[in-house]
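At position 51 of the sequence shown (counting the first as 1) the number is 56 in my numbering, and the numbers step up by one without a gap.
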Amino acid sequence: MTLRPRTVTLTSGAILIVVLTALASWLPVPYVVLSPGPTANTLGTDGSNGEVISISGHATYPTSGHLQLLTVSLRGGPGRRMDLVTALRAWFDPHDAVVPTKVEFPDNPTPQQVEKRNAEDMELSQSAATTAALTQLGIPIERDIVVKSIQEGAPALGTLKAGDVVRSVDGKPASTPESVSSAIQAHTPGDPVSMTVERGGKTLTLQVPTAANEQGKARIGVEQAVRQTYPFQVKIGLQDVGGPSAGMMFALGIIDKLTPGELTGGQFVAGTGTIDDSGKVGPIGGIQQKLAGARAAGARWFLAPADNCGETHGVVPKGLRVVKVSTLKEAYADVTAIGQGKAAALPTC
Numbered sequence: 006m007t008l009r010p011r012t013v014t015l016t017s018g019a020i021l022i023v024v025l026t027a028l029a030s031w032l033p034v035p036y037v038v039l040s041p042g043p044t045a046n047t048l049g050t051d052g053s054n055g056e057v058i059s060i061s062g063h064a065t066y067p068t069s070g071h072l073q074l075l076t077v078s079l080r081g082g083p084g085r086r087m088d089l090v091t092a093l094r095a096w097f098d099p100h101d102a103v104v105p106t107k108v109e110f111p112d113n114p115t116p117q118q119v120e121k122r123n124a125e126d127m128e129l130s131q132s133a134a135t136t137a138a139l140t141q142l143g144i145p146i147e148r149d150i151v152v153k154s155i156q157e158g159a160p161a162l163g164t165l166k167a168g169d170v171v172r173s174v175d176g177k178p179a180s181t182p183e184s185v186s187s188a189i190q191a192h193t194p195g196d197p198v199s200m201t202v203e204r205g206g207k208t209l210t211l212q213v214p215t216a217a218n219e220q221g222k223a224r225i226g227v228e229q230a231v232r233q234t235y236p237f238q239v240k241i242g243l244q245d246v247g248g249p250s251a252g253m254m255f256a257l258g259i260i261d262k263l264t265p266g267e268l269t270g271g272q273f274v275a276g277t278g279t280i281d282d283s284g285k286v287g288p289i290g291g292i293q294q295k296l297a298g299a300r301a302a303g304a305r306w307f308l309a310p311a312d313n314c315g316e317t318h319g320v321v322p323k324g325l326r327v328v329k330v331s332t333l334k335e336a337y338a339d340v341t342a343i344g345q346g347k348a349a350a351l352p353t354c
């Protein structure tokens, strides 16, 4: 049997297409793909049927509706290969974003560093959410300044120990890490600083050596941290989720559980935003993917950080209304209005 020239050409072309497709599927590209990720109701249960937010040692109240936190799924990045076909497919998906790896991970971390960073961010987010929620409710929180670590070769090495609770510096109460640093820097480098600390149940007054830092100011060479002790237990459990962007929604969920009445009035409210101890709501990444994820989950309302408002223009799904928030106090008032059917005048992006 003899193949005609056209048949040979078509066969060769088909083989070439198959080969090129296979190569494209294998060929790595320096991009990551951001897609709408899983969502969870902070008033509900996690994947293992445990409560997302559980509170013990304090009265709690029934809740209803949704205070939905949102996530972004990431394909590619450190330790995970992104191929050309997947990147091209995502490029044409209106809900996905294709971003250079060096933009998403400018410091070129290892996979282990990314995982550790995400876990730490989530832990800090949960702590800040608890602090912000309890502060808004007027519930007192005990805050201690502790020595987190001591630098190698630091002046304080051998005098202070990691875990020491700093009570005062030169007789003045240690209220914040900044106040401790300012009191130390008021000394002439080389002169000792009098610090009162608690260690192992004992109160010690120590003379801590100093040295000059790069700016010529006194330093003792320790890393400080704020340890917060709450009057009851607030536990946040969520599987396989990292990062800081759920802070605001965690805080709203905590407030709803600790106060009488159902905050949402049964409405489906989604949202995103970091939070700090004072209740300030900060910007997040992947707002477009979170908008899509919120609507797909059934949300009608979306709380967005004010700093992200510009990114929502033209990408808000039909049936979803975006409400601009800057603080936890604003977010709480907005959800209250939504639950009471008085949302017409809420600020939008």
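Glycine is no exception: its CB is placed at the ideal position from the N, C-alpha and C atoms.
Only a predicted model underlies this, so the values are computations on that prediction, with no experimental measurement involved.
{"query": "Let me make sure I understand the geometry here. Which of D101, L93, I225 has the alpha-carbon closest to that of L39?", "result": "D101"}
{"query": "Which stretch, first to last residue, makes up the beta strand (DSSP E) that contains F273?", "result": "273-276"}
{"query": "Rounded to the nearest angstrom, what separates G143 and A137 at their Cα positions?", "result": "10 angstroms"}
{"query": "Between the Cα of V170 and those of S154, P160, G158, spot the shortest distance and give me the residue it belongs to.", "result": "S154"}
{"query": "First and last residue of the beta strand (DSSP E) that includes G4?", "result": "Only positions 6 to 354 of the chain appear in this structure, which leaves residue 4 out of reach."}
{"query": "Does the contact criterion of 3 or more C-beta pairs under 8 angstroms hold for the segment 118-128 versus the segment 61-78?", "result": "no"}
{"query": "Near P43, which residues of its chain fall below 6 angstroms by C-beta distance, leaving aside the five closest residues on each side in sequence?", "result": "T76"}
{"query": "Considering K240, what are the terminal residues of the beta strand (DSSP E) in which it resides?", "result": "238-241"}
{"query": "What are the residues that DSSP puts in a beta bridge with F307?", "result": "A275, V327"}
{"query": "With distances taken between CB atoms, is the gap from I292 to M253 smaller than 8 angstroms?", "result": "no"}
{"query": "In chain order, which continuous runs of the alpha helix (DSSP H) of length 4 or greater are located wholly inside the segment 173-228?", "result": "182-190"}
{"query": "In whole angstroms, what is the alpha-carbon distance linking A342 and V198?", "result": "53 angstroms"}
{"query": "Name, in chain order, the residues that DSSP records as bridge partners for T332.", "result": "K285"}
{"query": "State the DSSP-derived secondary structure class of K166, mapped to helix, strand or coil.", "result": "coil"}
{"query": "Keeping to the same chain, check which residues put their C-beta closer than 7 angstroms to that of G248; ignore five residues upstream and five downstream.", "result": "N123, D126, M127"}
{"query": "Under a three-way DSSP split, which group does R3 fall into?", "result": "This structure cannot speak to residue 3, because the chain is shown only from 6 to 354."}
{"query": "Provide the residue(s) that pair with V171 in DSSP beta bridges, ordered along the chain.", "result": "I150, V202"}
{"query": "Using the C-alpha atoms, what's the distance from T277 back to P265?", "result": "24 angstroms"}
{"query": "Do G49 and T140 have their C-beta atoms within less than 8 angstroms of each other?", "result": "no"}
{"query": "Answer yes if the segment 186-202 comes into contact with the segment 232-249, meaning at least three C-beta pairs across the two stretches below 8 angstroms, and no otherwise.", "result": "no"}
{"query": "Closest to P105 by CA distance: which of C354, T332, D88, R148 is it?", "result": "D88"}
{"query": "Report the partner residues of A230 according to the DSSP bridge assignment.", "result": "V151"}
{"query": "When the Cα of P2 is compared with those of L129, L257, V327, P322, which residue comes out closest?", "result": "Because residue 2 is not part of the residues shown, which for the chain are 6 to 354, the question remains open."}
{"query": "Since D339 and L308 are thought to touch, with beta carbons under 8 angstroms apart, how far apart are those beta carbons, to the nearest angstrom?", "result": "7 angstroms"}
{"query": "Buried or exposed, going by whether 16 or more other CB atoms sit within 10 Å of the CB of T208?", "result": "exposed"}
{"query": "Leaving out the 5 sequence neighbours to the left and right, which residues in its chain are closer than 8 angstroms to L5 when beta-carbon positions are compared?", "result": "Examination of residue 5 is not possible in this model, given that the chain is present from 6 through 354 alone."}
{"query": "With a Cβ-Cβ cutoff of 8 angstroms, do Q294 and P41 count as a contact?", "result": "yes"}
{"query": "Contact check, A311 vs L325 under 8 angstroms by CB: the rounded distance?", "result": "Rounded, the Cβ-Cβ distance is 18 angstroms, inconsistent with contact."}
{"query": "Using the C-alpha atoms, what's the distance from I150 back to N218?", "result": "22 angstroms"}
{"query": "Based on the DSSP output, what are the partners of H71 in its beta bridges?", "result": "F273"}
{"query": "Report the partner residues of D98 according to the DSSP bridge assignment.", "result": "In the DSSP output, where bridge partners are listed per residue, D98 has none listed."}
{"query": "Bridge partners for T50 per DSSP, in chain order?", "result": "E56"}
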